[in-house]
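Below is one structure, written out as structure tokens, with a few remarks after it.
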Amino acid sequence: MSKSTPVGAHPWAYAASQPKYDIYPILDQIFGDFKRGGFDGVELMHTAFHPDGAAERIAELSKRHGLPVL
């Protein structure tokens, strides 16, 4: 039986170039890039959940890209 260790990614490099480090406007890009990069999940900062409707949007992106939020 083979075991693998899931590898997630944190979007800090994306946040660094955003006004007030806000990744919410570019979540689609982040999830897409992380999926194409072969990661197994996305680690999000708490600030991504601040906007109204954020949890629902993040859940939809997670499902669409097959990447759980860590």
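One gets the numbering used here by counting positions in the sequence shown from 1 and adding 6 to each. Positions of the beta carbon are idealized from the N, C-alpha and C atoms, including for glycine.
Nearest to Ala54 by alpha-carbon distance, out of Ala15, Thr11, Arg63, is Arg63.
The Cβ atoms of Pro57 and Tyr30 lie closer than 8 angstroms to each other.
About 19 angstroms separates the Cβ atoms of Glu66 and Gly14, ruling out a contact at the 8 angstroms cut-off.
If you look at Gly38, you'll find it in the alpha helix (DSSP H) that goes 33–42.
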